[in-house]
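Take a look at the structure set out below.
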Amino acid sequence: MFSVRDLLELAFVPRIGPQKIRKLVAHFQSPAQVLRASPRDLIRVPGIEKKLASNIVHNKGGARFADDQLKRVNRIGARIVTLWDADYPELLKKTYDPPVLLFVLGKFNPRDSHSLAIVGTRTPSSYGQHIAETLARDFTQLGITVVSGLARGIDTVAHAATLKAKGRTIAVIGSGLDVSYPPENRRLQELIANEGAVVSEFPMGAKPDATNFPRRNRIISGLSVGTIVVESAEDGGAMITASTALDQNREVFAIPGNITDKRSAGPNMLIREGRAKLVQRTEDILEELGPQLRHLLKKDTSPETPVDLTLFERRVFDKLSNEPIHIDELAEVAETSTADALVSLLSLEFKGLVRQLPGKLFLKQ
Numbered sequence: 011m012f013s014v015r016d017l018l019e020l021a022f023v024p025r026i027g028p029q030k031i032r033k034l035v036a037h038f039q040s041p042a043q044v045l046r047a048s049p050r051d052l053i054r055v056p057g058i059e060k061k062l063a064s065n066i067v068h069n070k071g072g073a074r075f076a077d078d079q080l081k082r083v084n085r086i087g088a089r090i091v092t093l094w095d096a097d098y099p100e101l102l103k104k105t106y107d108p109p110v111l112l113f114v115l116g117k118f119n120p121r122d123s124h125s126l127a128i129v130g131t132r133t134p135s136s137y138g139q140h141i142a143e144t145l146a147r148d149f150t151q152l153g154i155t156v157v158s159g160l161a162r163g164i165d166t167v168a169h170a171a172t173l174k175a176k177g178r179t180i181a182v183i184g185s186g187l188d189v190s191y192p193p194e195n196r197r198l199q200e201l202i203a204n205e206g207a208v209v210s211e212f213p214m215g216a217k218p219d220a221t222n223f224p225r226r227n228r229i230i231s232g233l234s235v236g237t238i239v240v241e242s243a244e245d246g247g248a249m250i251t252a253s254t255a256l257d258q259n260r261e262v263f264a265i266p267g268n269i270t271d272k273r274s275a276g277p278n279m280l281i282r283e284g285r286a287k288l289v290q291r292t293e294d295i296l297e298e299l300g301p302q303l304r305h306l307l308k309k310d311t312s313p314e315t316p317v318d319l320t321l322f323e324r325r326v327f328d329k330l331s332n333e334p335i336h337i338d339e340l341a342e343v344a345e346t347s348t349a350d351a352l353v354s355l356l357s358l359e360f361k362g363l364v365r366q367l368p369g370k371l372f373l374k375q
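Read in our numbering, the sequence shown has 333 at position 323, and its numbers run on one by one without any break.
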């Protein structure tokens with residue numbers, strides 16, 4: 011496994027960037043070999059010009075930077091995950107420009123590989139807040155991780171609603187892990203780290219410069235199967251996230267809104283241009299992504315069939331598990347009509363044996 015310290019030292023080189031680091035490591039087989047290479051060997055790598063080769067060879071301060079970063083990471087109980095580590099997020103690794111280093115406070119989870127991003131304006135309407143809360147709550151019920159950017163507005167609402175529903179959320183920030191931005195979200199950031207993960211591509215101590223956020227946004231979409239834009243101006247940051255999601259071949263969804271409200275201009279434009287799927291309810295997202303999300307959910311660990319059920323209720327109940335199933339599919343496997351299956355499900359739900367989720371999905375309670 012590659013040395014994190016060597017990667018940090020290489021990342022300190024001016025004008026290098028993650029793409030060139032990946033190219034150099036692939037050529038020389040390790041960061042240590044890159045740092046030891048001569049200018050002549052370095053410029054043999056396609057895309058590595060003389061100036062960059064000189065910067066690598068004369069990387070003054072790189073070792074000191076690496077040591078300082080490791081100390082600061084350890085001080086707050088964080089860790090650094092590299093592109094070559096086994097627990098690097100698989101979805102992010104598949105994007106065209108994955109970060110070489112991720113600073114992580116908290117933990118990744120295998121279930122994060124089927125996350126959904128909720129993004130939007132920093133100044134949402136009450137309508138936008140309600141939609142973000144509803145989506146976060148519904149996703150949590152399905153065991154889906156909610157990804158967002160910890161910014162004011164929709165991001166904050168999505169994170170907070172997920173935590174309130176006892177769900178898991180990942181915050182991708184545009185500063186160092188030890189820099190709280192916005193400052194009023196310091197406590198929220200701590201809660202997210204305890205229940206999910208706070209992630210940054212930027213080194214410890216990095217300020218939230220405006221140029222950081224487009225790069226942050228590609229990580230938000232890269233960690234997610236799909237991105238939902240709740241409210242945004244046409245030139246808002248959420249629109250950048252939508253664009254990066256499309257570039258990464260990920261699904262984009264948009265919440266339609268008031269045509270006279272600038273906060274709905276972005277989502278409405280995405281829908282009008284055919285770049286995003288219109289969402290009127292959570293079911294619209296689930297119907298589009300259901301096959302990708304289904305195997306994430308828990309396998310059946312429910313008790314045996316209760317004895318006080320009618321013949322029709324028992325037939326339906328026996329086909330249920332802890333994995334949600336759509337009403338139409340359930341009716342088919344239970345060899346009954348959708349209408350009859352629904353009657354049995356309502357009775358089972360009344361008895362506390364069945365739970366209904368958005369999208370006409372049912373599972374054992």
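Ideal Cβ positions, reconstructed from N, Cα and C, are used throughout, including at glycine. For clarity, every value in this text was computed on a predicted model and none was experimentally measured.
Status (buried if at least 16 other CB within 10 Å, exposed otherwise) for residue i
i	result
residue 177	buried
residue 195	buried
residue 283	exposed
residue 362	exposed
residue 56	exposed
residue 338	exposed
residue 30	buried
residue 258	buried
residue 370	buried
residue 308	Because the pLDDT of residue 308 is 42, which lies under 50, any placement of that residue in the model is unreliable, and the number read from its coordinates should be weighed accordingly. Flag for residue 308 reads exposed.
residue 261	buried
residue 341	buried
residue 131	buried
residue 3	This structure does not reach residue 3, given that the chain is present from 11 up to 375, and the question cannot be answered.
residue 165	buried
residue 71	exposed
residue 268	exposed
Close Cβ partners of residue i (< 7 Å) along its chain, the five nearest in sequence each way excluded
i	result
residue 35	41 and 44
residue 63	49, 52 and 53
residue 312	Low local confidence applies: a pLDDT of 44 at residue 312 is under 50, so the model's placement there is unreliable, and no value is given.
residue 356	none
Beta-bridge partners of residue i, as assigned by DSSP
i	result
residue 365	373
residue 210	113 and 183
residue 238	128 and 263
residue 335	372
residue 288	264
residue 157	127 and 180
Own chain residues within Cβ distance below 6 Å of residue i, not counting five before or after
i	result
residue 109	28 and 211
residue 368	148, 292 and 293
residue 1	Given a span of 11 to 375 for the chain in the structure shown, any question on residue 1 remains unanswerable.
residue 82	214
residue 150	172, 175 and 177
residue 76	15, 18 and 19
residue 98	91
residue 102	108, 232 and 233
residue 67	49
residue 229	182
residue 255	231, 237 and 262
residue 69	23
Beta-carbon separation (whole angstroms), residue i vs residue j, contact threshold 8 Å
i	j	result
residue 182	residue 233	7 Å
residue 128	residue 155	That belief does not hold up - the Cβ atoms of residue 128 and residue 155 are roughly 11 Å apart, past 8 Å.
residue 205	residue 173	6 Å
residue 273	residue 242	7 Å
Nonlocal neighbours in the same chain, by C-beta distance under 8 Å from residue i, ignoring five residues either side
i	result
residue 250	223, 224 and 227
residue 310	Low local confidence applies: a pLDDT of 39 at residue 310 is under 50, so the model's placement there is unreliable, with the coordinate-based value given in what follows. Taken in chain order, the residues that qualify are 331, 332, 333 and 374.
Taking only runs of the beta strand (DSSP E) that begin and end inside the segment 68-142, which ones reach a length of at least 3 residues, in chain order? 89-92, 111-116 and 125-129
Only counting runs of 4 or more residues, tell me where the alpha helix (DSSP H) segments fall wholly within the segment 13-42, in order along the chain. 14-21 and 27-38
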